[in-house]
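Just add 244 to wherever you are in the sequence shown, counting from 1, and you've got my numbering. Even for Gly, the Cβ is constructed at its ideal location relative to N, Cα and C. What follows is a single structure, written as structure tokens, with notes after it.
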Amino acid sequence: MTNPKLTGIGMTSARTRDRLIARLREQGIANPLVLERIRSVPRHVFMDEALASRAYEDTALPIGHGQTISQPYIVARMTEALLEGGAPRKVLEIGTGCGYQTAVLAPLVTTVYSVERIAALQLRARRVLRDLRISNVFMRHGDGFEGWPPYAPYDGILVAAAAMAVPPALLEQLGNGGRLIMPVGPDREQRLVRITRRGDLLEREVLGPATFVPLLQGLS
Ligand code: SAH
Numbered sequence: 245m246t247n248p249k250l251t252g253i254g255m256t257s258a259r260t261r262d263r264l265i266a267r268l269r270e271q272g273i274a275n276p277l278v279l280e281r282i283r284s285v286p287r288h289v290f291m292d293e294a295l296a297s298r299a300y301e302d303t304a305l306p307i308g309h310g311q312t313i314s315q316p317y318i319v320a321r322m323t324e325a326l327l328e329g330g331a332p333r334k335v336l337e338i339g340t341g342c343g344y345q346t347a348v349l350a351p352l353v354t355t356v357y358s359v360e361r362i363a364a365l366q367l368r369a370r371r372v373l374r375d376l377r378i379s380n381v382f383m384r385h386g387d388g389f390e391g392w393p394p395y396a397p398y399d400g401i402l403v404a405a406a407a408m409a410v411p412p413a414l415l416e417q418l419g420n421g422g423r424l425i426m427p428v429g430p431d432r433e434q435r436l437v438r439i440t441r442r443g444d445l446l447e448r449e450v451l452g453p454a455t456f457v458p459l460l461q462g463l464s
């Protein structure tokens with residue numbers, strides 16, 4: 245049985261979504277594949293019904309457990325930064341949350357390995373992705389500081405929570421030519437960075453300011 249919310253109309257109408265796409269374009273998102281994913285992924289199904297009417301606003305919103313669904317702009321920006329220079333095949337995602345970023349990304353790459361430390365959120369994300377018939381995602385309840393070693397190296401790593409530095413295990417699991425996108429820095433001064441591995445060298449670029457929840461140790 246498909247999720248009845250998938251057939252919603254009104255706030256989920258094409259016009260509402262077009263407005264969001266126009267806004268992202270104005271802010272510099274240019275990759276047509278990414279814009280098309282933002283248009284077609286029903287963001288409202290990842291949220292509580294009470295907030296669904298705000299699903300196509302370009303803002304982060306609460307999803308319970310003290311966490312948020314990422315702002316569409318930042319999801320688009322991270323996805324675009326990950327895809328630049330050629331689509332990665334294997335991508336490690338840290339911080340599945342509600343699964344929205346995962347859903348935007350999944351059809352653009354071969355496989356997503358997604359790690360979440362809050363079991364209840366992971367379970368919910370699993371259900372929504374199944375309802376959306378997205379089947380190239382493997383999920384793990386684990387601590388993202390450790391990455392997911394058995395499937396390394398990854399062509400891309402996307403981290404949806406901020407830390408003062410990139411966890412060393414993630415850099416170790418980044419393959420040659422691979423790109424890691426992550427918010428780094430203290431609260432209110434986070435920067436979205438992209439690290440590209442060139443052999444033993446790590447090239448670092450700052451993509452812009454960011455506001456993410458913190459990357460936390462341990463499971464919940
Ligand atoms: N990607 C989500 C947003 C996630 S918010 C979206 O598309 O909306 C950040 C998520 O990272 C939260 O769900 C939080 O529980 C998770 N997280 C924080 N620290 C983590 C860690 N060490 N390992 C795995 N997940 C972590």
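- For residue 316, the enclosing alpha helix (DSSP H) covers residues 316-327.
- Taken through DSSP and simplified to helix, strand or coil, residue 297 comes out as helix.
- The Cβ atoms of residue 391 and residue 417 lie closer than 8 Å to each other.
- Here the alpha carbons of residue 446 and residue 437 stand approximately 12 Å from one another.
- For residue 336, the uninterrupted beta strand (DSSP E) run begins and ends at 334-338, by DSSP.
- Annotated as proximal: residue 296 and residue 288, with beta-carbon spacing under 8 Å.
- For residue 284, the three-state secondary structure derived from DSSP is helix.
- Looking at the DSSP output, residue 433 shares a beta bridge with no other residue.
- The Cβ-Cβ distance between residue 401 and residue 322 does not fall below 8 Å.
- According to DSSP, residue pairing for residue 360 in a beta bridge involves 385.
- Contact between residue 398 and residue 419 is confirmed by a C-beta separation of about 6 Å, below the 8 Å threshold.
- Residue 355 carries a strand assignment under DSSP once its states are collapsed to helix, strand and coil.
- Residue 289 has its Cβ no nearer than 7 Å to any heavy atom of ligand 1.
- In this structure, the beta-carbon distance from residue 389 to residue 427 does not fall below 8 Å.
- Taking one beta carbon from each stretch, the segment 380-388 and the segment 350-368 have 3 or more pairs nearer than 8 Å; the two touch.
- When only Cα atoms are considered, residue 264 and residue 328 end up about 22 Å apart.
- Counting of Cβ neighbours within 10 angstroms places residue 349 among the buried residues, the total reaching 16 or more.
- In this structure, residue 404 places its C-beta atom within 8 Å of the C-beta atom of residue 338.
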